[in-house]
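Participant:
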Amino acid sequence: MNRTFKPSFGCLIAGALLFAGTAQAATWSDTFVGYRYGTDFHEPNNPNDVAKNIFQLGHSSGYAYGSNFFNVDALLSDSKDPANNGGGGATEIYLTYRTQLHLSKVTGHDFSFGPIKDFALSGGVDLNTKDTAFAPRKKMFVVGPTIKFAVPNNGFADFSVWYRSEHNHNGIPSAKEHDVRFDDTYQLNLSWKAPFQAGPVPLKFQGFVDYIGTKGTDGFGDGTKQETLMRTSLMADVGQLVAGKKDVFYAGVGYEYWHNKFGNKPGLGTKTNAPTLNVEWHL
1284 MNRTFKPSFG CLIAGALLFA GTAQAATWSD TFVGYRYGTD FHEPNNPNDV AKNIFQLGHS
1344 SGYAYGSNFF NVDALLSDSK DPANNGGGGA TEIYLTYRTQ LHLSKVTGHD FSFGPIKDFA
1404 LSGGVDLNTK DTAFAPRKKM FVVGPTIKFA VPNNGFADFS VWYRSEHNHN GIPSAKEHDV
1464 RFDDTYQLNL SWKAPFQAGP VPLKFQGFVD YIGTKGTDGF GDGTKQETLM RTSLMADVGQ
1524 LVAGKKDVFY AGVGYEYWHN KFGNKPGLGT KTNAPTLNVE WHL
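The sequence shown begins at 1284 in my numbering and counts up by one.
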């Protein structure tokens, strides 16, 4: 595995997409703050169920040639997931940014047929930091094609095949390497939002699933495994139901499934099945 970090062609493409997306004025936008809580989260090599309070800021918008998505989570663990050198539970900040160039908008032609609405070129970055002994500092780039499916009621469903490049940190003193350049691999992503009505209750079912290929060896020299992360929620439009204010305040339940977390082989703390309570307030 190549441990010397060099900007790959995929990273350069992702950077170009980021510049293209941020340089355009927004044609529509949606910004929200969210909160979710669960008690059944897990961390590798940790035997405990971990409770987390998760605060979220999200933003999505459209521009002349495509769309942007930004999200940052602040994940506050209880003492079962301790911060380095004590002081209570750990705090993690995780940032995600994605941008898309829509083929129909770039070319001015309609490419829809059957269930397919459009095609896109997607790119983006993930960044994180956490104040544990492991001290991760993730830098991950993705780029690749996306199929955009038609979903009623202003919903969406995107399936993407991404080239993935990741650099991270391992602060454990016994690690063989502390600045880890994983092998480039692939990532399959399905993300969706499906609004619907159940009697008098307006609802939306939303979420994403990631499937990530093996990425060489980690900082301990151990081989990585394929990784699956799914995060979903079923949310009721409480604002519309109670006060007639549509798409403002949602409340509901969520679920997180994470298998081979961070690419670790099956073992202690590498699998999560965590139901959550969720709320969203759209500004």
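All C-beta atoms in this analysis are idealised placements derived from N, C-alpha and C, irrespective of residue type, glycine included.
By the three-class DSSP mapping on this structure, what secondary structure does Gln1480 have?
Facilitator: Note: Gln1480 maps to strand in three-state DSSP.
Participant: Please classify Ala1526: does DSSP put it in a helix, a strand, or coil?
Facilitator: Correct three-state label for Ala1526: helix.
Participant: Between the beta-carbon of Tyr1446 and the beta-carbon of Gly1407, is there less than 8 Å?
Facilitator: It is not a contact, given that the beta carbons lie outside the stated cut-off.
Participant: How about Asn1561: is its Cβ closer than 7 Å to a heavy atom in the ligand GDP?
Facilitator: The ligand GDP is not part of the structure shown, which contains no ligands of any sort.
Participant: What three-state label does DSSP hand Leu1386 in the structure shown?
Facilitator: Note: Leu1386 maps to helix in three-state DSSP.
Participant: With 16 as the cutoff for other CB atoms within 10 Å, does His1392 come out buried or exposed?
Facilitator: With fewer than 16 other Cβ atoms within 10 Å, it is exposed.
Participant: Kindly give me the distance between the Cβ atoms of Asp1401 and Leu1378, rounded to whole angstroms, as I take these residues to be in contact under 8 Å.
Facilitator: Rounded, the Cβ-Cβ distance is 27 Å, inconsistent with contact.
Participant: Mapping the DSSP letters down to three states, classify Phe1402 as helix, strand or coil.
Facilitator: In the structure shown, Phe1402 sits in a strand (DSSP, three-state: E or B).
Participant: Is it the case that the Cβ atoms of Ala1416 and His1452 are separated by a distance below 8 Å?
Facilitator: Cβ distance not < 8 Å, so Ala1416 and His1452 don't count as in contact.
Participant: What's the gap between the Cα of Val1333 and the Cα of Thr1322?
Facilitator: Each residue's Cα considered, the two are about 6 Å apart.
Participant: Which ranges does the alpha helix (DSSP H) cover as unbroken runs of at least 4 residues, wholly within the stretch 1425-1498, from first to last along the chain?
Facilitator: The qualifying runs do not exist here; there are none.
Participant: Using the three-state DSSP reduction, which class does Gly1546 fall into: helix, strand or coil?
Facilitator: DSSP places Gly1546 in helix when its eight states are reduced to three.
Participant: Per DSSP, which residues does Ala1309 bridge with? Please list them.
Facilitator: Tyr1346.
Participant: Just tell me which of Trp1541, Leu1560, Leu1410 and Ser1362 has its CA closest to the CA of Leu1551.
Facilitator: Ranking Trp1541, Leu1560, Leu1410 and Ser1362 by Cα distance to Leu1551 puts Trp1541 first.
Participant: Whose C-beta lies closer than 8 Å to the C-beta of Val1536 among residues of the same chain, with five residues either side of it excluded?
Facilitator: Here the set comprises Ser1516, Leu1517, Pro1558, Thr1559, Leu1560 and Asn1561.
Participant: Evaluate contact between the stretch 1471-1481 and the stretch 1499-1511, counting only Cβ atoms and requiring at least three cross-stretch pairs below 8 Å.
Facilitator: These segments do not touch.
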